[in-house]
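For reference, the structure discussed in these notes is given below.
Residue numbers (our numbering): 573 to 656.
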């Protein structure tokens with residue numbers, strides 16, 4: 573399975589976020605809201621290292637290279653799913 577290998581095919585629309593685990597999705601959404609890794613860690617009661625780990629995986633799964641790209645992708649996916 574591609575996901576187990578850390579890679580997934582590009583997807584369009586709101587489907588990108590469906591490839592994330594629930595914890596990865598929570599972290600991605602908090603980052604999209606503008607939270608720092610420390611703020612995300614505090615809000616989810618996990619360590620900053622845990623947030624770093626999940627965020628690296630989120631970047632790889634979604635094929636983004638920066639927080640800005642992640643924010644854009646999350647916002648677009650949220651808009652797409654809101655219209656369904």
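Don't be surprised by glycine CBs; every beta carbon is placed ideally from N, CA and C.
- Across the set 642, 649, 653 and 651, the C-alpha of 642 shows the shortest separation from the C-alpha of residue 604.
- Non-local C-beta neighbours of residue 645 in its own chain, meaning closer than 7 Å and more than five positions away in sequence, comprise 588, 634 and 636, ordered along the chain.
- Taking the CA atoms as reference points, residue 611 sits about 15 Å from residue 597.
- Counting other Cβ atoms within 10 Å of its Cβ, residue 640 stays below 16 and is therefore classed as exposed.
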